[in-house]
Structures are given as structure tokens and as C-alpha cells.
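So the structure is just underneath, and the comments pick up after that.
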Amino acid sequence: AAAARCALLLGSGSHQVSPGSGSGFQVSDLFRDFNPLTPETLSGSCRVPLRRERSMRSRLRAAGLLHDFLRDGSPDTFGRRYAPCLPPGTPLQLGRSGERLHNFMDAQYYGEISLGTPQQNFSVVFDTGSADLWVPSSYCVSEACAMHRRFKAFESTSFRHDGRMFGIHYGSGHLLGVMARETLQVGGLAVLNQEFGESVYEPGAAFLMAKFDGVLGMAYPPLAEILGNPVFDNMMAQKAVEEPVFSFYLSRGSTSELLLGGTDEALYHGPITWLPVTAKGYWTVTGSEVLSVNVCVCVCVCVCVCVCVCVYVCVCVCVQYLIDCVRVSSLPHVTFVLGGTEFTLTAQSYVRKEVLGDKQLCFSGFQAVDILSPEGPLWILGDLFLTEFYSVFDRGQDRVGLAPARHLAPARHLAPARHLAN
């Protein structure tokens, strides 16, 4: 067993991919009756459908580009990015570059937003591990931008130029852009005068593989690279949501959703376990143990994805462990103890399956990097973990809630949102 501090990050973890799954989005019965940009808006709450696509890692692997990408962009991302989770002065062992794109390498859940008047639509990663909003600009000169939807400022009557420049460092260069303000629509909720970035240069081939246009950060304001309030902070300030809460349901199919302003009891079972946030940057909570049987649980933490434990050997570099698909059923469970409650992942949950050519490959969803802390390792719980557990992010009381997800058949009734009692 090992004590751990945990940051729950959506938008950057790995999870199981169904063999033979394609990149197309099949609209399920759940969302058949409403448009993704005009989802059901409840009293002070709003559902945002999330669609599941093949990850950038899968696309790079299929194109034969993954090895070169990992070789040329070995990240120190998690060292720099998760340093605020650790006590001041904690020595970190870092790599040589800053490849922030690795945070989205395994992201597979995307949703729709719109900017401007009239609305311009974009697909974004709703990322609880960052606090900025950016989308490609129509003035972007990169090939990657030509493959994605671009914001046309000159077509919007509500656009306000900011004038500031911003840059987000990558191992292969910088994502560069300019700041602006706009009317933002997330589902049925409007946010006025929202600060956001228009990228004018996006480096590297990996952005060509990305199915998302941009990123919408949902962490605390101190994580913002760009000056200004994060989207959910503006939603709270403008009283667009009745409760300062958002929750995620990540399904194994196409019926995932983000609920802004409440929770949905139909999507989980049992009581919610509440965990206090220990530092207002990432959604960081404290865990007491990581348990398994006949497995070496090393003192290692995450680098490329966000649930991090060495299942076989402790090699803390940006790699994935290949697993014999025939042996998956014999692999042990891994249990995280958070707030005195056990949260268990089966091998079927933490092993990802992909089809490459005519072969099925199985990969461990656990990866690691050396970020040493006197208080123990930092564990990053991402999509792999959050697919199994309904997650609630409560800004009002600075806490995270977890409960076993109720994975339902594709057709289900949309239950009214539940607002949290104090």
C-alpha cells in the first residue's frame, strides 16, 4: 500500500476503448431529441452532451507517428504542472521539455461550445486540469488550424479585442495567440464578456490528429496561464448556474455528459463520498492507500495519462505497458482508498484495447514519472478512473464527490438535476 495525494483530471486520462471502435459519433437515444448546442436546460442547470472519439494517442499510433512524437516531445509537463500540488520547496525530478499536449493525448470525451454573435461552434476538451479557454483563430497560419474550425472575429458583433498575447509551451514549439472577449454559450447557458485565447500558431503534427478544436479549462483560477476568470468562475459570478457545482458522467458508449449546476441521481448509485480540496489549483484531494494483490505498486506517478501506478515494473518514463490480451481477466483489481471509501478498478477498467491493422493490442492505463514528494506520491486520476465513478466538483464548498457510476442502456429518461444541500 502507498499513501498518495490525488488530483482528479478530466480530459487527460486513459480508459478502455472498445475493439474496432471508429471515430464517428453515433447519436444515441439519450440525445436524439435535442441539439448538442441546445441541450435540456433545467432550473439553474444545463446538460452538455459529451461525445467519445479515438484519442490522439490512438490516431498517432495508427499513423505510425507515435514513437517519433514521444521521442521528440518527452514531457516535463507533470513536473511543472503538478508542482503546486506539492509542499513549497519540494524537489522535483523533471524531464527536458514541456509538452503540454501530453495532457490531452488520451482524452476521448469532447463537447460543443459556441462563441460570438451569431454563434460559431467548436469542439473542446472540458479539462479539469487547466483553467484557460482557447480555440483556433481564422488568422492561424498552422496546418493544424486548417483541419479544425476557426474563430472568425470579423463575423461577430459581440467580439472585443483584448490586445494581450499568450503562449503555451510545447516540446516542439509554442502555441501562440492573442486574447479576446466574447459571448460564450455552453449548452443552454450564456457567459458574457468571457476572456479566451485565439491561437494563431499550433506546432507539431499531433494537433493534426486531434479531434478537438480547443480546450475549456475547469480548474481553479490560479492555474490559468492567461489572465482573466475561467469559464465556470464567470458562470458563478453571472449567476448562470443555480449551484456552484458541475458533474461528469463518462460512459463506455456515446451517452456521456457534463451537468452544469447540479447532479443527476439517475447516473450513480449509493451515497456520494465527499473529499475536501487540499489546494485550490487542481482539484487535489488526499488519499490514504492504494491496494492491490500480487502487484508491485511503486512510488511512481503520472506523466502521459492521469491514473498512475506501476503494474509490473517501476520504469518512470513516458511509456505504455503492453499486456497479453488473453491474460486480462487474470489481472488483479487495483483499489484507491479515498476518504475512507474504497474505489476499485478491475482489469477490464484499467486495460485499454485497440485494433491496429488486423491485431488487437492491450495496453495498461497506468503510467508514471518521477515527481517526488515528502508527503508521498502524487496520483492523477483521469478518464480511466472517472469512467467508473460519477464525479462532482463543488466550488461552493471546495470538495470533490465520487460515487459508482450507473452505466445504463443507451435509452434512458433524463432525470431532473439534483441540487446539493449544504
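For the sequence shown, the numbering used here begins at 1 and goes up steadily by one. Backbone N, C-alpha and C define an ideal beta-carbon position, used for all residues, glycine too.
Extent of the continuous beta strand (DSSP E) run through residue i
i, result
"VAL391", "Residue identity differs from the one stated: residue 391 is Ser in this sequence, not Val. First-last of the beta strand (DSSP E) with SER391: 389 to 394."
"VAL351", "351 to 356"
"ASP127", "120 to 127"
"THR344", "341 to 345"
"ALA403", "399 to 404"
"GLU257", "256 to 260"
"VAL215", "214 to 217"
Residue i versus the options, residue with shortest Cα-Cα distance
i, options, result
"GLY111", "LEU260, ARG160, GLU242, ALA144", "LEU260"
"ALA224", "GLY396, TYR282, GLY253", "TYR282"
"VAL124", "HIS269, GLY188, GLY214", "GLY214"
"PHE154", "ALA190, GLY116, LYS280", "GLY116"
"ILE272", "GLN119, GLY365, VAL400", "VAL400"
"CYS46", "GLY262, PHE196, ILE168, GLY217", "GLY262"
"TYR350", "GLU342, VAL334, MET165", "VAL334"
"PRO230", "VAL48, GLU388, TYR321, SER130", "SER130"
"SER391", "CYS362, TRP274, LYS359", "TRP274"
"HIS148", "ASN193, ALA180, SER199", "SER199"
"ALA405", "SER251, ASN193, GLN120, CYS145", "SER251"
"LEU386", "LEU267, GLY188, GLU195", "LEU267"
"ALA190", "GLY177, ASP358, ARG395, PHE232", "PHE232"
"CYS325", "GLY339, GLU289, CYS362, ALA144", "CYS362"
"GLN367", "LEU384, ILE168, ILE113", "LEU384"
"LEU133", "PRO221, GLU265, HIS269, LEU338", "PRO221"
"LEU338", "TYR321, VAL186, PHE389", "PHE389"
"VAL241", "HIS407, CYS140, GLY396", "GLY396"
"LEU176", "LYS280, GLY217, GLY197", "GLY197"
"SER329", "TYR321, ILE323, ALA347, PHE343", "ALA347"
"SER114", "PRO276, ARG150, GLU289, LEU208", "ARG150"
"MET165", "ILE226, CYS140, GLN185", "ILE226"
"GLY287", "TYR201, PHE343, LEU216", "PHE343"
"LEU402", "VAL277, LEU356, PRO332", "VAL277"
Beta-bridge partners of residue i, as assigned by DSSP
i, result
"ALA190", "GLN185"
"PHE385", "Paired residues: none, contrary to the question."
"HIS161", "ALA180"
"GLU198", "VAL135, VAL178"
"GLU289", "VAL337"
"GLY360", "For clarity, residue 360 is Gln in the given sequence; the question names Gly instead. VAL355."
"PRO221", "DSSP, once it has assigned bridges, lists no residue as partnering PRO221."
"VAL48", "LEU258"
"GLY167", "LEU176"
CB contact check: residue i to chain C, cutoff 7 Å
i, result
"SER123", "Note that chain C does not occur in the displayed structure, where there is just one protein chain."
Residue i: first and last residue of the uninterrupted alpha helix (DSSP H) it sits in
i, result
"GLU112", "Careful: GLU112 lies outside any alpha helix (DSSP H), inside the beta strand (DSSP E) at 109 to 115."
"CYS145", "143 to 146"
"PHE246", "It is not in any alpha helix (DSSP H) - PHE246 instead sits in the beta strand (DSSP E) that spans 245 to 249."
"VAL231", "231 to 237"
Where residue i falls: helix, strand or coil (DSSP)
i, result
"SER28", "Since pLDDT at SER28 reaches only 30, below the 50 mark, its modelled position is unreliable, and the value read off the structure follows with that caveat. Here SER28 sits in coil by DSSP."
"ALA279", "strand"
"GLU265", "helix"
"SER137", "strand"
"PHE366", "coil"
"PRO332", "coil"
"ALA153", "helix"
"PHE207", "helix"
"ARG327", "helix"
"THR90", "Note on THR90: pLDDT 41, under 50, position unreliable in the model; the coordinate value appears next. Here THR90 sits in coil by DSSP."
"VAL271", "According to the sequence provided, residue 271 is Pro. The question's Val does not apply to it. Looking at PRO271 - three-state DSSP - the assignment turns out to be coil, as it is neither helix nor strand."
"GLY228", "coil"
Could you say if the stretch 234 to 247 and the stretch 156 to 167 meet the contact criterion of at least three C-beta pairs nearer than 8 Å?
no
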